[in-house]
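Okay, so here's the structure we're looking at.
Number of protein chains: 2
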Amino acid sequence: MWGMFVTRLKNIRENLKERKLDAVFISSVSNITYLTGYANFSKEEREAYLIIGNNLQYIITDGRYTHAIKKQVPHFELFERSHQTPTEQLFKKLKNQIKILGIEEDNLTVLEAKLVKKHFKTTKHFKLNRSIKTPDEIKKIKKACKIGDLAFEYILKQIKIGVTEKEIANKLEDFIKGQGGEFSFPAIVAFGKNSAIPHHQTGQTVLGLSTHSTVAQGRTELVERATRSAVRLSSPSKSRSGREGLIVLLDFGVKWENYCSDMTRTVFFGKPIRKQQEMYEVALEAQKKAVDYINSTKQVQSADVDKVARDYIKSKGYPNLPHSLGHGIGLEVHEHPSLSPKSKEVLKTGMVFSIEPGIYIPMFGGVRIEDLYTIRNERLEQITKAVPIACTIVH
Amino acid sequence: MWGMFVTRLKNIRENLKERKLDAVFISSVSNITYLTGYANFSKEEREAYLIIGNNLQYIITDGRYTHAIKKQVPHFELFERSHQTPTEQLFKKLKNQIKILGIEEDNLTVLEAKLVKKHFKTTKHFKLNRSIKTPDEIKKIKKACKIGDLAFEYILKQIKIGVTEKEIANKLEDFIKGQGGEFSFPAIVAFGKNSAIPHHQTGQTVLGLSTHSTVAQGRTELVERATRSAVRLSSPSKSRSGREGLIVLLDFGVKWENYCSDMTRTVFFGKPIRKQQEMYEVALEAQKKAVDYINSTKQVQSADVDKVARDYIKSKGYPNLPHSLGHGIGLEVHEHPSLSPKSKEVLKTGMVFSIEPGIYIPMFGGVRIEDLYTIRNERLEQITKAVPIACTIVH
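Top line first, the protein sequences correspond to chains Y and U.
Numbered per the working numbering, the first sequence spans residues 13 to 407.
Numbered per the working numbering, the second sequence spans residues 13 to 407.
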């Protein structure tokens with residue numbers, strides 16, 4: 013295990029040399045995890061930093077973490093900051109050997125940077141590139157995907173009239189925990205019209221009722237409806253009443269040994285109407301076109317992949333995709349490369365990213381299909397594998 | 013509900029006037045929630061901003077949130093940023109009416125600030141003060157505390173030989189979700205020596221075995237031990253073998269309608285030995301001394317409260333408290349006021365904060381007792397109420 017960190021530190025030091033930096037000041041939690049293996053710092057509050065130079069590597073944190081760091085991060089020297097020994101004390105000690113310091117300008121706050129600059133006059137933006145994964149990292153992401161696949165298979169059986177979005181999200185989480193993983197982000201579960209909101213807040217909407225019903229009113233309504241039309245509700249696909257299939261959009265991911273997966277599936281509860289079916293097919297085809305483009309092109313610009321899928325969706329008369337086509341994934345759910353219109357990145361072997369076209373029609377509903385892929389031998393390998401069929405009809 | 017946001021915006025505008033700012037640029041998610049009521053933005057990635065001036069209030073976010081924001085935040089004008097319409101477009105539109113802009117220097121990154129400063133030459137640090145809560149906010153925190161109290165009562169019954177820290181944390185979370193709440197942060201569950209690490213990472217340590225056992229080796233060991241000494245293990249308090257009581261430290265909180273609670277309890281599985289008992293009593297007494305100090309003093313400096321408890325612990329020969337004595341709580345688990353050595357804050361009616369003395373002895377164990385309080389009629393009201401007895405012996 014230590015070899016991995018030695019390699020990463022070596023790479024950083026080569027980077028320092030190229031960029032003519034004497035040291036870097038790392039503040040982002042995912043980079044701290046990447047370089048130390050320690051993943052228990054809060055992502056919402058600042059609890060630690062690293063300073064890495066040619067002949068030094070410090071981890072700066074407080075007394076709450078001292079024992080854990082001494083035990084789990086022996087390859088860094090610990091500077092325990094406290095009210096008596098603020099971080100500035102270390103800055104003072106190092107200011108003579110560090111003339112040019114790299115800082116993570118996309119992570120460090122203005123206030124923190126002011127303090128740093130009091131001691132290190134020249135700072136430059138520094139960005140650690142984690143986009144190309146090692147086989148070991150890919151193995152962990154694959155395991156996270158595998159648990160996600162199982163979770164999807166499990167959750168399909170839980171989608172029933174009367175269940176709420178929140179209940180489905182909770183069942184997903186319980187299942188994933190039972191497999192030893194955890195959610196990599198709060199799941200998005202959207203029923204019916206809610207699926208038109210790409211980042212819908214999973215709530216109390218009840219399946220099988222109008223999307224504005226909440227549990228309290230919904231359950232009463234449900235009993236009444238169920239009594240009136242039990243057969244139609246339990247097997248809507250057989251109905252000839254013209255009742256729409258209900259969209260169920262599930263966007264969730266698993267974290268396994270700090271590495272994330274991410275997947276979206278859109279299923280229909282009941283037989284989809286023509287428009288829903290067409291939206292699904294266009295989204296799926298957009299994903300396929302993006303995949304084919306990558307497989308048939310050398311030196312793939314990620315912005316071009318976005319364009320292929322985006323243009324296809326537009327050509328079918330649907331609204332412009334309101335988000336990027338895809339994103340890299342690893343220690344964070346969203347990291348480089350970005351598959352978006354303004355991205356300058358080239359896709360390379362070892363990268364892991366999502367391709368997730370979507371179509372969202374306000375007050376009607378939305379469809380998103382998201383899978384993760386990695387590039388291997390110049391071809392895409394799909395690593396989320398749950399139900400790769402065109403359209404799932406539950407019950 | 014809208015009245016609340018009108019008041020908060022009015023307060024901000026008065027603050028602008030006092031500080032001679034033309035507008036503020038809000039980036040922190042908790043402040044966005046505070047001012048809009050919308051709580052679904054990621055805390056790890058930047059998904060939204062607010063700009064508030066005397067005659068304007070914008071919310072800036074992307075197409076993933078458009079529909080939700082239009083519906084749930086009608087009191088703000090929406091600027092939908094995209095690749096075609098970056099945030100800068102709004103900056104350009106506003107640059108003539110905003111000469112001096114407040115920014116959250118403790119939240120905005122260096123890179124973001126650079127972009128802001130391209131358009132607004134003069135920026136000043138701005139900090140929204142949420143430390144004094146309204147009765148409605150306190151009501152929500154109390155409800156979160158109440159669920160936490162019930163969760164503690166429930167979890168005591170689940171603490172059994174053979175259970176892992178992670179299992180206890182999962183059971184706590186399930187219980188809290190069953191009550192309609194959620195964790196306000198990942199719970200810290202620490203068995204035995206692990207409790208000496210104030211922010212221990214809840215793991216696979218098994219109760220009743222050496223703290224370094226993990227499930228795989230642990231369960232086998234457990235069976236052997238249980239066979240050898242079932243009576244002693246199941247009723248250790250009756251044992252005269254001198255076996256130590258096992259420390260179980262539980263630090264967890266509940267989120268209810270976006271408001272957080274936080275509580276730590278240290279219980280003993282089996283009869284505590286004299287040293288454990290003394291640590292518990294000193295921590296409890298330190299908390300009591302802090303409470304008495306607040307109740308008997310006018311214009312309480314929060315740093316002085318920290319000192320009272322800190323000095324008491326030291327006077328008993330224990331190590332210096334390796335963290336602050338307490339912290340404000342509300343939309344975030346940690347917010348103002350801070351009860352710490354360098355704090356300049358004065359405690360006031362309506363504030364809600366923790367008092368959480370702890371004693372941590374490496375390789376032996378730790379005790380922390382944390383309760384939440386609010387100030388009402390110049391006296392502390394304790395709002396976490398679970399098992400206010402000196403020392404709990406489970407089984």
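Every residue gets a Cβ at the ideal spot worked out from N, C-alpha and C, and that includes glycine.
ask   = At least one CB of chain Y closer than 7 angstroms to the CB of U:L102: is that the case?
value = Along the second sequence, one-based indexing puts residue 102 of chain U at 90. Among the residues facing chain Y, U:L102 is not included, as its CB has no counterpart in that chain under 7 angstroms away.
message = Counting only beta-carbon separations shorter than 7 angstroms, does U:A80 have a partner in chain Y?
response = For this step, residue 80 of chain U is matched to residue 68 along the second sequence. Put simply, the CB of U:A80 is near chain Y, with a gap under 7 angstroms to one of its CB atoms.
key: CB contact check: U:Q191 to chain Y, cutoff 7 angstroms   = Locating residue 191 of chain U in the second sequence gives position 179, where the first residue counts as 1. Chain Y, which has no Cβ nearer than 7 angstroms to the Cβ of U:Q191, makes this no.
query = Is it true that the CB of Y:E117 sits closer than 7 angstroms to the CB of U:L127?
reply = Taking the first residue of the second sequence as 1, we reach residue 127 of chain U at position 115. Taking the first residue of the first sequence as 1, we reach residue 117 of chain Y at position 105. No Cβ-Cβ contact shorter than 7 angstroms links U:L127 with Y:E117.
request  = Would you kindly check if the distance between the Cβ of Y:G265 and the Cβ of Y:G282 is under 7 angstroms?
outcome  = Here residue 282 of chain Y corresponds to residue number 270 of the first sequence, with the count starting at 1. Here residue 265 of chain Y corresponds to residue number 253 of the first sequence, with the count starting at 1. No Cβ-Cβ contact shorter than 7 angstroms links Y:G282 with Y:G265.
inquiry  = Please give the ranges of any beta strand (DSSP E) in the stretch 105 to 135 of chain U, keeping only runs that are unbroken, at least 3 residues long and fully inside the region.
reply    = Those beta strand (DSSP E) runs which fall completely within the stretch 105 to 135 of chain U and span 3+ residues are 112 to 115.
query = Given that Y:H335 touches chain U, what residues does it touch there, using C-beta distances under 8 angstroms?
reply = Within the first sequence, numbered from 1, the residue matching residue 335 of chain Y stands at position 323. Here the neighbours are D74, G75, R76.
inquiry  = Just verifying my parser: in three-state terms, what is the DSSP assignment at U:L184?
reply    = Residue mapping note: residue 184 of chain U aligns to position 172 of the second sequence, counting from 1. Here U:L184 sits in helix by DSSP.
task = Tell whether a beta-carbon distance below 7 angstroms holds between Y:K152 and Y:E269.
result = Walking along the first sequence from the start, residue 152 of chain Y turns up at place 140. Walking along the first sequence from the start, residue 269 of chain Y turns up at place 257. It is a contact, given that the beta carbons lie within the stated cut-off.
ask   = Y:D118 CB to nearest chain U CB: under 7 angstroms?
value = Working through the first sequence from its first residue, we reach residue 118 of chain Y at position 106. Taking 7 angstroms as the threshold, the shortest C-beta distance from Y:D118 to chain U falls below it.
query = Anyone know if the C-beta pair for Y:H348 and Y:S143 falls short of 7 angstroms?
reply = Indexing the first sequence from 1 puts residue 348 of chain Y at position 336. Indexing the first sequence from 1 puts residue 143 of chain Y at position 131. Their beta carbons are under 7 angstroms apart, which means Y:H348 touches Y:S143 by this criterion.
query = Cβ atoms of Y:E382 and Y:S366: under 7 angstroms apart, would you say?
reply = Sequence index remark: in the first sequence, residue 366 of chain Y carries index 354 (1-based). Sequence index remark: in the first sequence, residue 382 of chain Y carries index 370 (1-based). Contact: yes.
key: Cβ pair U:M275, U:I371 closer than 7 angstroms   = Here the question's residue 275 of chain U lines up with position 263 in the second sequence. Here the question's residue 371 of chain U lines up with position 359 in the second sequence. Not closer than 7 angstroms, so no.
message = Within 7 angstroms of any Cβ in chain U, is that where the Cβ of Y:H224 sits?
response = The residue you call residue 224 of chain Y lines up with position 212 of the first sequence. Note that Y:H224 has pLDDT 43, beneath the 50 cutoff, so the model's placement of it is unreliable and no number is given.
request  = With a 10 Å radius around its C-beta and 16 neighbouring C-beta atoms as the bar for buried, classify U:I285 as buried or exposed.
outcome  = The sequence position of residue 285 of chain U within the second sequence is 273, counting from 1. U:I285 comes out exposed.
request  = State yes or no: is the C-beta of U:V320 within less than 7 angstroms of the C-beta of U:Y330?
outcome  = Position 308 of the second sequence, counted from the start, is the residue given in the question as residue 320 of chain U. Position 318 of the second sequence, counted from the start, is the residue given in the question as residue 330 of chain U. It is not a contact, given that the beta carbons lie outside the stated cut-off.
ask   = Is it right to say Y:P369 is buried, meaning 16 or more other beta carbons lie within 10 angstroms of its own, or is it exposed?
value = By one-based count along the first sequence, residue 369 of chain Y stands at place 357. Y:P369 should be labelled buried.
inquiry  = Judging by CA-CA distance, which residue of Y:K154, Y:F203, Y:K267, Y:I167 is the nearest neighbour of Y:S196?
reply    = Numbered from its first residue, the first sequence carries residue 196 of chain Y at position 184. For the residues Y:K154, Y:F203, Y:K267, Y:I167, the minimum Cα distance to Y:S196 belongs to Y:K267.
Under the three-state DSSP convention, the category U:M408 falls into = No information on residue 408 of chain U is available, as it lies outside the stretch 13 to 407 that chain U covers here.
Where Y:T78 falls: helix, strand or coil (DSSP) = Residue 78 of chain Y sits at position 66 when you count from the first residue of the first sequence. Y:T78 sits in a helix when the DSSP states are folded into three classes.
ask   = Comparing alpha-carbon positions, which option in U:G114, U:E194, U:H131 lies nearest U:T99?
value = Within the second sequence, the letter at position 87 stands for residue 99 of chain U. The residue with the shortest Cα to Cα distance from U:T99 is U:H131.
task = May I have the straight-line CA-CA distance separating U:T396 from U:I38, to the nearest angstrom?
result = Locating residue 396 of chain U in the second sequence gives position 384, counting from the first residue. Locating residue 38 of chain U in the second sequence gives position 26, counting from the first residue. U:T396 and U:I38: Cα-Cα distance of roughly 32 angstroms.
request  = Would you mind working out which of U:Q84, U:D316, U:N66, U:T121 sits nearest U:K111, comparing C-alpha positions?
outcome  = As a working note, residue 111 of chain U is residue 99 in the second sequence. Scanning U:Q84, U:D316, U:N66, U:T121 for the CA closest to the CA of U:K111 turns up U:N66.
Coarse secondary structure for Y:L33, derived from DSSP in three states = As a working mapping, residue 33 of chain Y is identified with position 21 in the first sequence. Assigned with DSSP and collapsed to three states, Y:L33 falls in coil, not helix or strand.
key: Contact residues within the stretch 352 to 373 of chain Y, judged by C-beta distance below 9 angstroms to chain U   = Cβ contacts with chain U: S352, P353, K354, Y372.
query = Does Y:V122 come within less than 7 angstroms of chain U when only Cβ atoms are used?
reply = Locating residue 122 of chain Y in the first sequence gives position 110, where the first residue counts as 1. Closer than 7 angstroms: yes.
task = Within 10 angstroms of the Cβ of Y:G15, are there 16 or more other Cβ atoms? Answer buried if so, exposed if not.
result = If you number the first sequence from 1, residue 15 of chain Y lands on position 3. Exposed, by the Cβ-count rule.
query = Measuring from the CB of U:G114, is there a heavy atom of the ligand MG at a distance below 6 angstroms?
reply = In the structure on display, the ligand MG does not appear, and there are no ligands present to speak of.
query = At least one CB of chain Y closer than 7 angstroms to the CB of U:E11: is that the case?
reply = In the structure as shown, chain U starts at 13 and stops at 407, and residue 11 of chain U therefore has no counterpart that could be examined.
request  = Using a Cβ cut-off of 8 angstroms, pull out every chain Y residue sitting near U:A125, in sequence order please.
outcome  = Residue numbering aside, residue 125 of chain U sits at position 113 when the second sequence is read from its first letter. By Cβ distance, chain Y contributes V122.
request  = Give the range of the beta strand (DSSP E) segment to which Y:F91 is assigned.
outcome  = Taking the first sequence and counting its residues from 1, one reaches residue 91 of chain Y at position 79. First-last of the beta strand (DSSP E) with Y:F91: 89 to 92.
inquiry  = Residues in the same chain with beta-carbon distance under 6 angstroms from U:G160, minus the five sequence neighbours each way, listed in chain order, please.
reply    = Position 148 of the second sequence holds residue 160 of chain U. Answer for U:G160: V266, S273, M275, listed in chain order.
message = I'd like to know whether the C-beta of U:I209 is nearer than 7 angstroms to at least one C-beta of chain Y.
response = Translated into the one-based positions of the second sequence, residue 209 of chain U becomes position 197. By this cut-off, U:I209 is an interface position.
inquiry  = Any beta carbon of chain U sitting closer than 7 angstroms to that of Y:K129?
reply    = Locating residue 129 of chain Y in the first sequence gives position 117, where the first residue counts as 1. Under the Cβ criterion of 7 angstroms, Y:K129 is not counted among the residues facing chain U.
query = Using the beta-carbon of each residue, which ones in chain U are nearer than 9 angstroms to Y:K55?
reply = In the first sequence, counting from the first residue as 1, residue 55 of chain Y sits at position 43. Those within 9 angstroms of Y:K55 in chain U are K55, E56.
inquiry  = Pop quiz: Y:I63 and Y:L106 are said to be a contact at Cβ under 8 angstroms. What is the actual Cβ separation, rounded to whole angstroms?
reply    = Against the first sequence, residue 63 of chain Y aligns to sequence position 51. Against the first sequence, residue 106 of chain Y aligns to sequence position 94. Right, their Cβ atoms sit about 7 angstroms apart.
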